[in-house]
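Reading through the structure tokens given below for one structure.
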Amino acid sequence: MAEVLVYVDHVDGAVRKPTLELLTLARRIGDPVAVALGNGAADTAATLAEHGAVKVLTHDASEYAEYLVVPKVDALQAAHEAVSPVAVLVPSSTEGKEIAARLALRLGSGIITDAVDLEAGDEGPVATQSVFAASYTTKSRVTKGTPVITVKPNSAAVESAPAAGAVEALSVTFSEKATGTRITGRTPRESTGRPELTEAAIVVSGGRGVNGAENFSIIEALADELGAAVGASRAAVDAGWYPHTNQVGQTGKSVSPQLYIASGISGAIQHRAGMQTSKTIVAINKDPEAPIFELVDYGVVGDLFDVVPQLTEEIRTRKG
Amino acid sequence: MSLRIVVTVKYVPDATGDRHFADDLTVDRDDVDGLLSELDEYAVEQALQISENSDDDVEITVLTVGPEDAKDALRKALSMGADKAIHVEDDDLHGTDAIGTSLVLAKAIEKAGYDLVISGMASTDGTMGVVPALLAERLGVPQVTLLSEVSVEDGVVKGRRDGDTASEQLEASLPAVVSVTDQSGEARYPSFKGIMAAKKKPVESWDLSDLDIDEDEVGLEGAYTTVDAATERPARTAGTIVKDEGEGGKQLAEFLASQKFI
Ligand SMILES: Cc1cc2nc3c(=O)[nH]c(=O)nc-3n(C[C@H](O)[C@H](O)[C@@H](O)COP(=O)(O)OP(=O)(O)OC[C@H]3O[C@@H](n4cnc5c(N)ncnc54)[C@H](O)[C@@H]3O)c2cc1C
Ligand SMILES: Cc1cc2nc3c(=O)[nH]c(=O)nc-3n(C[C@H](O)[C@H](O)[C@H](O)COP(=O)(O)OP(=O)(O)OC[C@H]3O[C@@H](n4cnc5c(N)ncnc54)[C@H](O)[C@@H]3O)c2cc1C
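Residue numbers (the working numbering), protein chains in the order written: chain A, 1 to 320; chain B, 1001 to 1262.
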């Protein structure tokens, strides 16, 4: 069967969930061959095999941590030469999109970004995209070269599908340009213990209505009761109440959870762009005219300082 | 010393208007108002700040690839303080994809001459966030992208990139391609003086032949991707909305339970 390259997003060998979702989608098109790079690359193999990777190509070198993006492009290009796949799938992170774009250009291929679904078609993989702040759904195809497609988190269910997952060392020669952009320092993000925002099944977000950094504790308390990630609007982030890494929207993270709860958020187009594909949307806002109510499955017109703690308490009671 | 900065700016349909697709499945640009992609204002702003903080002679050129009306985006950037503008316009560009757009931009940047290219993090219509990386690949220079902080000194560009798992400090020698996020610093409003001055600033117009690009390398014909269908998302069925009269949180819990979230 035809092979499909899947770029593995991992942190020191721990595979991130969007990559496992890609393996599910890849199996619709062919046999997934995973490419894992950098520190801990070989440690990813067992997890990848469990989710359908027939082969895992690994390569570690200090270049991946010391220089931006290009070393990874060189490696994917080497993998493409070694395997001759029918498609290359990359998780739609900001870095993933950059890697995919440069690879596509080198391969003489087209690129599709932010696919939310993928299926096999007569003329190659067909990608579904959700565009213009999710007001349109498009079906697109790459018509030249090996299709390079980036896929958004939460676009497929993770399925277990045991496969061989044979580890093979990938041989990579770095290009002259690989060392162009030096990474001179790195401050890892501290873990909050909550799920990763883009991967979470439930996201609880707060906006300007939360009215202060200290008040975000009531948003966090609800999130913890639901096992959810915490998001914020740009207004809340710009005010310094919550870190930018938690911003949901056009210039923040785009999320697509099973449940999205917006508290004190008006629903500006740039915020919608990042959450409109959520399966179930709930809002709490004291203004009945807030545009967010146009999107909701369930809305409460009321003061979030009354509604959110009561909701948290009620969930606690129900859980017993 | 002199520093030549080219800022790429895109003309996009207004996101607060009704954006839609035309019959050929390209973006309908006739029926909606367009403007300078808001995220490119941050790129113009950083170019202006680099210029203001520099002892060198800095020349800022703004560059757009787009239809006739895209001149509006150039005017806005000029009124913010850029020195001159280049408009690449050609009927054959209609329907160009990201790979093709990056070809046209790269050729124009080379023709204009540059030490530093500054782009926005993503356009507000295509929102792919790939053009800066594509430009770096085409121009064969370092990409220093998604910066929330940027500075240029002695031929070196430095910046901070806030990623998913870490915040990184980056560094590269010029020439280079930079992209900046909306965390890089609020973009200035054009002053009245700036708006008046912009009217006198030069705007060059180039077409594909000026850039030695064949018509079949761009446009729908030359595209590496095709859109087979575009359907408007059906309006959401109206949700349940309740007014909190003391029990709002409990009612919401009931809804969440009915949906099996608790
Ligand atoms: C809804 C939608 C979906 C699309 N999907 C795809 C797709 O999957 N694959 C594909 O190949 N094409 C796609 N396109 C076309 C593609 O978006 C455009 O061809 C394009 O200009 C490059 O992508 P971008 O606008 O997303 O730019 P981004 O990569 O998001 O832009 C980053 C920066 O590049 C600069 N820039 C981008 N375009 C221009 C320009 N014309 N003039 C000057 N500077 C510019 C700006 O500084 C901008 O801030 C899509 C377009 C739309 C409207
Ligand atoms: C280029 C660009 C990019 C952007 N990117 C993003 C982005 O990624 N993400 C994003 O979110 N925004 C983004 N924005 C900003 C966006 O336009 C809005 O300004 C922002 O989303 C507003 O945040 P908000 O809803 O929290 O605040 P507001 O719009 O001020 O809304 C606050 C809401 O809280 C309600 N409220 C107040 N007090 C209470 C209370 N006690 N109880 C209940 N409700 C209450 C109010 O009724 C109101 O509806 C961007 C803007 C631009 C120009």
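We put the CB at the ideal spot given by N, CA and C, even for glycine.
Query	Result
Take A133/A as the anchor and find which of S266/A, E220/A, E294/A and T277/A has the nearest alpha-carbon.	T277/A
Any idea which residues DSSP pairs K152/A with across the strands?	DSSP, once it has assigned bridges, lists no residue as partnering K152/A.
Kindly say whether Y146/A, judged by its beta-carbon, lies nearer than 8 Å to any beta-carbon of chain B.	Residue identity check: residue 146/A is Thr in the sequence provided, not Tyr. By this cut-off, T146/A is not an interface position.
In three-state terms, what does DSSP make of R16/A?	coil
Could you name the residues of the same chain whose beta carbon sits closer than 6 Å to that of V1207/B, not counting the 5 residues immediately before and after it, in chain order?	For the record, residue 1207/B in the displayed sequence is Asp; it is not Val. Excluding residues within five positions, the ones whose Cβ falls inside 6 Å are D1090.
Can you tell me where the alpha helix (DSSP H) holding S1258/B begins and where it ends?	G1248 to S1258
Under three-state DSSP, which class holds A115/A?	strand
By the DSSP assignment, the alpha helix (DSSP H) with D1040/B in it spans what residues?	E1038 to E1052
Taking C-beta to C-beta, are L1093/B and V1104/B nearer than 8 Å?	yes
Should Q270/A be listed as close to ligand 2, given that the test is whether its C-beta is under 7 Å from any heavy atom?	yes
Using a C-beta to C-beta distance shorter than 9 Å, which residues of chain B count as neighbours of Y136/A?	R1019, H1020, F1021, A1230, T1231, E1232 and R1233
Quick one: residues in its chain with C-beta nearer than 6 Å to the C-beta of V7/A, no 5 flanking neighbours on either side, listed in chain order?	The sequence shown places Tyr at residue 7/A, rather than the Val named in the question. So the qualifying residues of the chain are V35 and V90.
Given a threshold of 16 other Cβ atoms within 10 Å of its Cβ, counted over all protein chains shown, does F1192/B qualify as buried or as exposed?	exposed
In or out: G193/A buried (at least 16 other Cβ within 10 Å) or exposed?	exposed
What number of angstroms, rounded off, separates the C-alpha of T1107/B from the C-alpha of S1209/B?	In the sequence as displayed, the identity of residue 1107/B is Lys instead of Thr. If you take the alpha carbons of K1107/B and S1209/B, they lie about 11 Å apart.
Going residue by residue through the segment 210 to 288 of chain A, where are the continuous alpha helix (DSSP H) segments of at least 4 residues, counting only ones entirely within it?	216 to 226, 234 to 238 and 269 to 272
Rounded to whole angstroms, what is the Cα-Cα separation between H10/A and T47/A?	11 Å
Tell me whether V1027/B, by its Cβ, gets closer than 7 Å to a heavy atom of ligand 1.	yes
Can you give the beta carbon distance from V86/A to V54/A, rounded, assuming they're within the 8 Å contact cut?	No, V86/A and V54/A are not in contact; Cβ-Cβ is about 14 Å, not under 8 Å.
Rounded to the nearest angstrom, what separates M1067/B and R102/A at their Cα positions?	Note that residue 1067/B is Pro in the sequence shown, not Met. Going from the Cα of P1067/B to the Cα of R102/A covers about 26 Å.
Cα-Cα, which of D43/A, K279/A, A290/A and E294/A is closest to S155/A?	K279/A
Three or more C-beta pairs under 8 Å: does that hold for the segment 1033 to 1041 of chain B against the segment 299 to 313 of chain A?	no
Run through DSSP, which three-state label would F1021/B get?	strand
So, is T251/A buried or exposed, given that buried needs 16 or more other C-beta atoms within 10 angstroms?	buried
Going along chain B in order, which residues have a C-beta closer than 7 Å to the C-beta of H244/A?	D1162 and Q1183
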